[in-house]
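Residue numbers (the numbering used here): 14 to 401. For reference, the structure discussed in these notes is given below.
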């Protein structure tokens with residue numbers, strides 16, 4: 014494969030920039046069998062989507078500050094208390110940042126999934142919630158507390174930093190205003206480093222082909238620290254804007270795709286833009302409102318996809334947004350697992366957002382993926398068609 018201009022310049026760094034090849038793979042989505050007798054030949058359904066709640070610490074907490082959230086001793090049932098009554102939601106796990114740092118959270122909910130990726134499995138981890146709920150902090154962490162990105166790289170690469178056997182290829186994408194941008198590449202001919210352009214350069218726009226971003230640039234390496242540092246650097250190129258919810262709110266979705274070519278494993282980390290609506294964001298002016306509407310288009314499209322699959326609909330609207338087009342393979346592939354991390358606040362002022370988050374997570378938990386022996390399924394379908 015001929016090197017790109019970016020890869021030619023990368024000799025001064027520790028990474029190699031390469032273009033991903035076009036893919037023509039088609040994946041199968043197993044629908045319900047038309048024959049009711051198929052149940053005896055069917056493996057019990059499993060939940061490909063697991064949902065975990067991550068509750069941030071109370072902002073500017075005072076001793077008398079009330080909390081709207083209460084977690085049962087099983088650490089799976091969350092009770093949201095309102096002025097009148099309450100609502101219970103059952104998740105696969107709940108974590109309070111005041112009680113569990115990022116290291117404990119990672120070991121409890123993420124670590125085993127990353128081990129699977131190292132063995133060749135596929136996993137998608139999505140951070141969902143309103144602005145200021147702790148999505149980006151959980152994903153990227155800070156100096157003293159590394160986030161999911163660094164810890165995942167560290168676990169996947171393991172001792173390869175010394176032996177060089179295992180390596181990863183990483184792509185960083187931004188979905189903004191229903192356009193896909195390559196954060197590792199720019200139109201500028203004078204880069205300061207991989208993915209870090211001078212002020213006048215622009216981002217490279219990509220198209221979706223074969224459920225993937227066509228010609229996306231990726232970096233390749235074996236050192237977790239250097240790769241994570243590069244990811245954090247280019248992630249800062251995302252569109253941000255001050256809103257009523259957050260002084261520095263990410264107005265775009267960020268996708269970090271880590272491939273492990275030696276075993277075929279793939280980890281997709283998705284830091285989604287805030288899920289608040291136009292009024293909650295406090296956006297004024299036509300352009301700002303249109304921007305928020307475009308952001309919500311991706312969030313709403315993802316909700317529709319989740320609802321359609323959970324309800325067993327014959328048509329799943331993956332093409333309603335660029336975000337869901339890129340996530341289609343995660344939902345369709347039988348070997349792919351999805352973890353949704355719902356970030357929320359215990360602040361009573363955030364009760365409506367918290368309820369919406371938990372309702373969304375409860376719906377996602379309803380998704381079932383029934384694995385049927387391919388030979389039996391084909392025979393049953395043939396018998397069904399013969400009867401028509």
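All residues carry an ideal CB built from backbone N, CA and C; glycine is no exception. Being a predicted model, the structure only gives us computed values, none of them experimental.
| Item | Value |
| --- | --- |
| Closest residue to residue 107 among 86, 94, 313, 231 (Cα-Cα distance) | 86 |
| Pairwise C-alpha distance: residue 246 and residue 267 | 13 angstroms |
| Residue 480, DSSP secondary structure in three states | This structure gives no information on residue 480, because the portion of the chain shown stretches from 14 to 401. |
| Close Cβ partners of residue 219 (< 8 angstroms) along its chain, the five nearest in sequence each way excluded | 186, 193, 194, 195, 226, 227, 228, 229 |
| Under the three-state DSSP convention, the category residue 112 falls into | coil |
| Other residues of its chain near residue 163: CB distance less than 7 angstroms, five sequence neighbours each side excluded | 154, 237, 241 |
| Cβ contact (3+ pairs, closer than 8 angstroms) linking the region 360-374 and the region 328-345 | no |
| Beta-carbon gap between residue 181 and residue 272 smaller than 8 angstroms | yes |
| Through-space distance from residue 328 to residue 94, alpha-carbon basis | 36 angstroms |
| Test item: CB-CB of residue 378 and residue 91 under 8 angstroms | no |
| Buried versus exposed call for residue 324 [16 or more other C-beta atoms within 10 Å across all chains shown] | exposed |
| Three-state class that DSSP yields for residue 317 in the structure shown | helix |
| Helix, strand or coil at residue 131 according to DSSP, with G and I counted as helix | helix |
| Residues that residue 159 bridges to, as DSSP identifies them | 154 |
| Pick from 128, 67, 121 that is closest to residue 111, judged by C-alpha positions | 67 |
| For residue 103: DSSP bridge partner residues | 90 |
| Neighbour-count burial assignment, residue 189, 16 or more Cβ in a 10 Å radius | buried |
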